[in-house]
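Just below is one structure, and these are the notes that go with it.
Numbering (my numbering), first residue to last: 13 to 299.
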């Protein structure tokens, strides 16, 4: 391992203390390694990432998703170090940084390939395409009226939903916005697409889990206001008129570094169950 990139979320590392700590530890392991620092993805793209052996992301889940967007088709693996809030995608907490870096240089890790989504639509001039690691969301504007969405799966009409929107996520993204909207948690080893209606008026509006080879088309006809397309929460695109958004698995995959002590179910307990209980306890104490 000779070339390492570190992408830093500067809003979470204002004094650069953690960045300097990581660089110091890498140098103590191998003083000949080349380290290049990127701030908020500036200068980090697919071409640049291909020069690197690994990208260390210093931030939270949003920073990892933003990095993934910028290096879309790159095969360079990403290691997330959590200095954010939840950090579900991050493998390393601040307290374990030194140990994780030592294991990284000893090759004591695995690389997981995570599925990515691709959405596309015709804007009247060209076909627009966007990829995401977590989810694609079609939704109404805040404070606007309820919107109608017609959903087709493999060109067969599935259902009509009147509500705030539709979330389509990967198994990786199931613990994100999908979970907040009442969708299920899906183990990341499963190649699946998950479609979750957002706060629909219909009592029969429920999540459906689909085979990864499925193709979803969501049509939304403008009656009052435009709807918005969001990819991983990193892009928000206003689309007007009658639009059909096609969503399927992308040919791109995202490589994430995983240590064998990071069991998925322990992560669920630590990142979701325990933190939720902690927040509930603090609320109770505050009252």
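Even for Gly, the Cβ is constructed at its ideal location relative to N, Cα and C.
Quick one: using the 10 Å Cβ neighbour count with 16 as the cut-off for buried, is residue i buried or exposed?
i	result
residue 169	exposed
residue 208	buried
residue 119	exposed
residue 232	buried
residue 216	exposed
residue 213	exposed
residue 293	Low confidence applies to residue 293: its pLDDT is 45, below 50, so where it sits in the model is not reliable, and the reading given next is rough at best. Residue 293 comes out exposed.
residue 176	buried
residue 127	buried
residue 23	exposed
residue 193	buried
Taking just the CA atoms, how far does residue j sit from residue i?
i	j	result
residue 165	residue 68	38 Å
residue 131	residue 74	19 Å
residue 46	residue 88	15 Å
residue 146	residue 39	34 Å
residue 94	residue 107	10 Å
residue 173	residue 162	7 Å
residue 14	residue 37	15 Å
residue 9	residue 116	Examination of residue 9 is not possible in this model, given that the chain is present from 13 through 299 alone.
residue 27	residue 195	38 Å
residue 78	residue 138	25 Å
residue 288	residue 201	Note on residue 288: pLDDT 48, under 50, position unreliable in the model; the coordinate value appears next. Approximately 25 Å between the Cα atoms of the pair.
Would you mind stating whether residue i and residue j have Cβ atoms separated by less than 8 Å?
i	j	result
residue 239	residue 151	yes
residue 180	residue 129	yes
residue 144	residue 243	yes
residue 271	residue 112	yes
residue 251	residue 133	yes
residue 16	residue 269	no
residue 210	residue 249	no
Would DSSP call residue i helix, strand or coil?
i	result
residue 152	strand
residue 36	helix
residue 98	coil
residue 244	coil
residue 79	helix
residue 46	strand
residue 125	strand
residue 214	coil
residue 92	strand
residue 7	Residue 7 is absent from the model: the chain starts at 13 and stops at 299.
Could you please give the first and the last residue of the uninterrupted beta strand (DSSP E) stretch that includes residue i?
i	result
residue 5	The structure shown does not extend to residue 5, since the chain is modelled only from 13 through 299, so no value can be given for it.
residue 169	168-175
residue 141	139-144
residue 19	15-20
In the DSSP assignment, the alpha helix (DSSP H) including residue i goes from what residue to what residue?
i	result
residue 231	Run containing residue 231: none in the alpha helix (DSSP H); it sits in the beta strand (DSSP E), 228-232.
residue 114	109-117
residue 278	276-280
residue 191	189-192
Can a CB atom of chain D be found closer than 8 Å to the CB of residue i?
i	result
residue 15	Any reference to chain D falls outside this structure, which holds one protein chain only.
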